[in-house]
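Going by my numbering, the letters in the sequence shown line up with residues 3 to 482, in that order. Glycine included, every Cβ here is placed at the ideal spot set by N, Cα and C.
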Amino acid sequence: MTDKKPEARRPAEHLSTEWLVTATPSRRQILKAAAFIGVGAAATQVLAACAPATASTAPSTAPSGTPPPSTGPSPSASTAARASLDASKTVRIWIQNYGDPKQQADALATIAAAFKEATGVTVQFEGLDWATAEQKWDLAMTTGDLPDIGDMFYLPSRIVQGQGKWGPVDLTSRIDAGDFGDWNRIVEASRNESTIDGKVYGIPWRIDIRAWTGRKDMFASVPKTIEDLESMGVEVLKKPGIQTATTHFAQPVDALHQGGLAFDTTFLSPDYKTSNLLDPKWIEAGNWMRDLSKKKIFSAQSEVDQKFNQNGSFYSGTTGAVYGGGTMINEAKGVAPQVVPLMVSGLQPAGASGTSRSHGSCAQWSIFENSPAIEESAAFLAWLSTDAHMSYALNQATSTISADSDVQKLDTEPYNAAFYEQGKTIEPTDMPIVAWNEMRVFPDGPLNVMANRVWGSTDDMATIFSDGHKAISDILAKNP
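Rendered as structure tokens:
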């Protein structure tokens with residue numbers, strides 16, 4: 003991998019971050035939006051007023067592998083069959099802040115302007131800082147003082163908190179009607195995370211996949227198995243300046259989850275109704291993680307020290323790889339461009355089953371039941387989510403990767419390919435049950451306590467997992 007820009011135009015380059023900051027709506031977007039408000043005959047007038055006849059968002063000759071832009075009705079046009087849009091309404095959206103705040107804000111402003119130009123409906127975004135996002139969401143879900151659309155996590159809890167009055171809207175019928183395109187194009191784990199008791203409450207837009215990122219000046223290749231990881235890690239430790247061969251993703255529960263998957267075990271039963279922590283494989287996994295931490299193949303510090311900078315240690319060369327981390331390439335290009343040519347991604351090393359296993363979480367766009375602009379909100383999400391180029395540009399601007407396989411095809415960054423491949427078979431990071439939030443809440447949830455004992459104590463593994471099993475079983479009993 004190099005940091006040299008390719009000479010050939012990349013797919014969707016015309017919808018890059020720079021495009022989002024400066025663009026005006028295209029003929030395709032206006033025609034598409036016109037379908038929402040039932041003004042197909044009037045679309046010609048709108049086009050004439052808003053764009054020259056020769057305007058186009060696509061190059062005259064599409065690069066190889068680039069999906070041709072749509073010129074006919076979008077899958078979401080069926081929204082218009084239910085209701086016309088009210089241009090006097092404003093769609094308010096809360097979104098967490100990702101990546102560079104200005105870049106995100108500029109991109110969102112351009113998306114809102116494009117929808118406004120095409121439909122007359124105003125979209126108003128508000129960015130939430132991660133440090134206070136959970137507190138703000140919990141307060142809003144208690145009082146019902148919510149936006150129309152939210153960038154959601156802990157979805158099952160939000161349904162319960164909504165009390166049937168202001169929780170996420172059931173979007174199943176709209177999905178079945180094709181408003182949001184082919185639902186199967188969404189990564190399976192993200193579809194599952196958005197579905198509670200057979201009903202869909204969110205439209206996935208980003209996914210956080212855990213995979214391998216290594217430095218090729220440290221690791222000669224991506225370890226294929228956990229045995230390779232250990233043997234190669236021993237060699238990495240011989241290099242000057244190295245403190246640990248790898249570091250975990252710096253959230254204890256996620257790192258513990260990853261270790262369990264290496265031994266083909268998980269926190270809960272397949273139906274999420276009972277604890278699985280008495281599975282003997284957990285003792286094997288726990289001893290393995292602790293042993294590799296003692297040998298400095300893994301970094302216990304990355305889990306017990308909240309000030310530890312996982313990515314910083316990788317960029318500085320004091321660790322050779324991140325085991326089970328998220329994609330880092332966009333951040334690296336901004337803060338450590340000298341490291342980008344050294345970065346190599348890969349699947350997680352296979353464990354006992356011989357198959358690479360990992361997990362990932364997604365964020366969904368959800369509409370709230372007490373919104374005064376449900377139809378306008380649904381139309382906006384359909385407009386955005388069925389336009390792969392626009393969605394890809396949003397992911398670029400927010401330094402995220404998409405849960406939509408059509409959008410993933412537009413990404414020509416070689417580093418991301420392994421993450422997309424890993425994403426085809428991942429387990430959900432956040433379990434789609436109400437009890438999950440209480441289980442993993444930081445710092446005192448039983449999963450966090452258990453993870454910290456694995457890395458930060460000498461406690462007996464059987465005792466650690468037995469205690470965790472009791473605590474989780476108690477939580478599940480309260481939330482049948």
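Find out if the Cβ-Cβ distance for the pair residue i, residue j is shorter than 9 Å.
| i | j | result |
| --- | --- | --- |
| GLY235 | LYS298 | yes |
| GLY327 | PHE251 | yes |
| GLN163 | THR144 | yes |
| THR320 | GLY216 | no |
| GLY262 | THR268 | yes |
| GLN366 | GLU195 | yes |
| ILE205 | ILE428 | no |
| LYS104 | ALA375 | no |
| ALA302 | GLY458 | yes |
| ALA191 | HIS471 | no |
| TYR100 | SER401 | yes |
| ILE369 | ILE177 | no |
| VAL125 | PHE467 | no |
| VAL224 | SER347 | yes |
| LEU270 | ILE474 | yes |
| ALA390 | LYS411 | yes |
| ILE209 | PRO434 | no |
| TRP96 | PRO170 | no |
| TRP207 | ASN418 | no |
| PHE316 | VAL341 | yes |
| LEU349 | SER355 | no |
| GLN106 | ALA405 | no |
| ALA109 | ALA395 | yes |
Taking its Cβ as the centre, do 16 or more other Cβ atoms sit within 10 Å of residue i, making it buried, or is it exposed?
| i | result |
| --- | --- |
| ALA222 | exposed |
| LEU141 | exposed |
| GLU440 | buried |
| THR460 | exposed |
| PHE155 | buried |
| TRP132 | exposed |
| GLY229 | Reading off the sequence, residue 229 comes out as Glu, not Gly. Exposed, by the Cβ-count rule. |
| THR388 | buried |
| GLY183 | buried |
| ASP413 | buried |
| ASP273 | exposed |
| ALA213 | buried |
| SER318 | exposed |
| ASP153 | buried |
| ASP476 | exposed |
| ASP307 | exposed |
| VAL409 | buried |
| PHE444 | exposed |
| ALA116 | buried |
| VAL337 | exposed |
| GLY166 | exposed |
Kindly list the residues whose CB is nearer than 7 Å to the CB of residue i, restricted to its own chain and excluding five residues on each side of it in sequence; keep chain order.
| i | result |
| --- | --- |
| LYS201 | ASP172 and THR174 |
| ASP219 | LEU344 |
| LYS138 | LEU130 |
| LYS241 | MET220 |
| ILE285 | MET463, ALA464 and PHE467 |
From the DSSP output, in three-state form, read off residue i for me.
| i | result |
| --- | --- |
| LEU478 | helix |
| TRP207 | strand |
| TRP438 | helix |
| ILE198 | strand |
| ALA453 | helix |
| ILE403 | strand |
| GLY319 | coil |
| SER233 | helix |
| MET220 | coil |
| THR145 | helix |
| MET291 | helix |
| ALA473 | helix |
| VAL324 | strand |
| SER277 | strand |
| ALA264 | helix |
| GLY152 | strand |
| LEU487 | Since the first residue shown for the chain is 3 and the last is 482, residue 487 is missing from the structure and cannot be characterised. |
| PRO158 | helix |
| PRO254 | helix |
| GLN303 | helix |
| PRO282 | helix |
Spatial neighbours of residue i within its chain, please: C-beta separation below 8 Å, excluding the five flanking residues on both sides.
| i | result |
| --- | --- |
| VAL436 | PRO158, SER159, ILE161, VAL162 and ASN481 |
Excluding the five sequence neighbours on either side, which residues of its own chain have a C-beta within less than 6 Å of the C-beta of residue i, listed in chain order?
| i | result |
| --- | --- |
| ARG442 | VAL255 and LEU449 |
| ALA257 | HIS250, PHE251 and GLU305 |
| GLU232 | ILE299 |
| ALA89 | GLY122 and VAL123 |
query: In the region 326-401, which residue ranges form an unbroken alpha helix (DSSP H) of at least 4 residues, counting only runs that do not cross its ends?
result: 331-337, 376-387 and 390-399
field: Sequence ranges, beta strand (DSSP E) only - wholly within the region 85-131, length at least 3
entry: 92-98 and 124-130
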